[in-house]
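Asker: Following my numbering, the numbering of the sequence shown begins with 13 at its first residue and continues without gaps. Backbone N, C-alpha and C fix where the C-beta goes; we use that ideal spot for every residue, glycine too.
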Amino acid sequence: MSNPNTSLLPNIEEFISSISVNQISGERKAVLQPLLYYIQEKHDHNEAAQLNFICTHNSRRSQLTQAWAKAMSVYFEIDIDSFSGGVEVTAFNESAINALINSGFKVEMEGETNPKVKLTFSENHAPLAMFSKKFDDAINPAEDFAAIMTCSDADANCPFIAGAEKRIPVKYDDPKLYDGTSEEAAKYAERSRQIATEMFYIFSQIKKS
């Protein structure tokens, strides 16, 4: 599907054109529905949905969902603000970054231990400032946001997220399991594509008034 009105980078557009939502099961769509409803409700009230994607280390799944949610919101012209955080601070994983680069995002990095990543996805939108941080970091919203729990550990270990008006589990398998194996790059690409596909599905279902 092509959107002539989008300002996404051409290689991201090309990647999106290869997405098919047919592979999303009815069971998985039911998991995604609460997030879809949250965004729809905000859109109906002319408010930007604030989405904070949370995983234990804010290193892989939460970063990928932050990136793809923002890109798909631009593609479908739905107003959101996309954030991510964790329970612990580590670093934005290199293989996750590479999966986004290979999908068309542009990256500039500063620092080594926990690098600050400037992720460019659009010609007309500010890049995302991405790095590993706790979910309540000052860069993230303190209130009126949805906490989207992208891994089981974070969901179990964070029974309460201060300021969140909604808590929505949308869990993904961890590509970290394949770190250091011959399948590493392929599994990160697979998880990134799954997340991109599901974010595509969610934003494609938002009804515009």
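Can you tell me the Cβ-Cβ gap for residue 134 and residue 19, rounded? I've got them flagged as a contact below 8 Å.
Answerer: Taking the first residue of the sequence shown as 1, we reach residue 134 at position 122. Taking the first residue of the sequence shown as 1, we reach residue 19 at position 7. Contact holds; Cβ gap of about 5 Å.
Asker: Quick check on residue 57: buried or exposed, where buried means 16 or more other Cβ atoms within 10 Å of its Cβ?
Answerer: Start at 1 with the first residue of the sequence shown, and residue 57 comes out as number 45. Residue 57 comes out exposed.
Asker: Counting along the chain, where does the alpha helix (DSSP H) carrying residue 75 start and finish?
Answerer: For this step, residue 75 is matched to residue 63 along the sequence shown. Residues 73-87.
Asker: Is it buried or exposed, residue 142, if we count other Cβ atoms within 10 angstroms and call 16 or more buried?
Answerer: If you number the sequence shown from 1, residue 142 lands on position 130. Buried, since its Cβ has 16 or more Cβ neighbours within 10 Å.
Asker: Sort 79, 36 and 174 by Cα distance to residue 156 and report the nearest one.
Answerer: Translated into the one-based positions of the sequence shown, residue 156 becomes position 144. It is 174 whose Cα lies nearest to the Cα of residue 156.
Asker: Run through the region 140-179 for me and flag every whole alpha helix (DSSP H) of 4 or more residues, listed as ranges in chain order.
Answerer: 164-169
Asker: Compare the Cα-Cα distances from residue 101 to each of 202, 180, 66 and 114 and report the closest residue.
Answerer: Taking the first residue of the sequence shown as 1, we reach residue 101 at position 89. With distances taken between Cα atoms, residue 101 lies closest to 66.
Asker: Let me make sure I understand the geometry here. Which of 139, 61, 192 and 73 has the alpha-carbon closest to that of residue 162?
Answerer: The residue given as residue 162 occupies position 150 in the sequence shown. Ranking 139, 61, 192 and 73 by Cα distance to residue 162 puts 73 first.
Asker: Could you tell me the distance, in whole angstroms, from the CA atom of residue 107 to the CA atom of residue 29?
Answerer: Locating residue 107 in the sequence shown gives position 95, counting from the first residue. Locating residue 29 in the sequence shown gives position 17, counting from the first residue. Approximately 23 Å, taken between the alpha carbons.
Asker: Any idea what DSSP makes of residue 181, helix, strand or coil?
Answerer: Indexing the sequence shown from 1 puts residue 181 at position 169. Correct three-state label for residue 181: strand.
Asker: Leaving out five residues on either side along the sequence, give the residues of the same chain with a beta carbon under 7 Å from the beta carbon of residue 109.
Answerer: Here residue 109 corresponds to residue number 97 of the sequence shown, with the count starting at 1. Here the set comprises 119 and 129.
Asker: Report the option in 48, 68 and 69 whose CA atom is closest to the CA atom of residue 62.
Answerer: In the sequence shown, counting from the first residue as 1, residue 62 sits at position 50. The option with the nearest alpha carbon to residue 62 is 48.
Asker: Would a check of beta-carbon distances place residue 102 closer than 9 Å to chain B?
Answerer: Going by chain labels, chain B is absent from the structure shown, which holds only one protein chain.
Asker: Can you give me the C-alpha to C-alpha distance between residue 82 and residue 194, rounded to a whole angstrom?
Answerer: Residue 82 sits at position 70 when you count from the first residue of the sequence shown. Residue 194 sits at position 182 when you count from the first residue of the sequence shown. Using only the alpha carbons, I get a separation of about 30 Å.
Asker: Under a Cβ-count criterion, where at least 16 other Cβ atoms within 10 Å of its own Cβ denotes burial, should residue 131 be classed as buried or exposed?
Answerer: For the purposes of this step, residue 131 is taken as residue 119 along the sequence shown, with counting starting at 1. Per the 10 Å Cβ criterion, buried.
Asker: Residue 191 by DSSP, collapsed to three states: which one?
Answerer: Here residue 191 refers to the residue found at position 179 when the sequence shown is read from its first residue. Of the three classes helix, strand and coil, the one that applies to residue 191 here is coil, per DSSP.
Asker: Would you call the CB atoms of residue 92 and residue 54 closer than 9 Å?
Answerer: Position 80 of the sequence shown, counted from the first residue, corresponds to residue 92. Position 42 of the sequence shown, counted from the first residue, corresponds to residue 54. The answer is yes: Cβ separation under 9 Å.
Asker: With H, G and I counted as helix, E and B as strand and the rest as coil, what does DSSP make of residue 94?
Answerer: For the purposes of this step, residue 94 is taken as the residue at position 82 of the sequence shown. Three-state result, residue 94: strand.
Asker: Can you list, in chain order, the residues of its chain whose CB lies under 8 Å from that of residue 41, leaving out five sequence neighbours each side?
Answerer: On the sequence shown, position 29 is the one that residue 41 refers to. Counting only Cβ-Cβ distances below 8 Å, and skipping sequence neighbours, we find 213.
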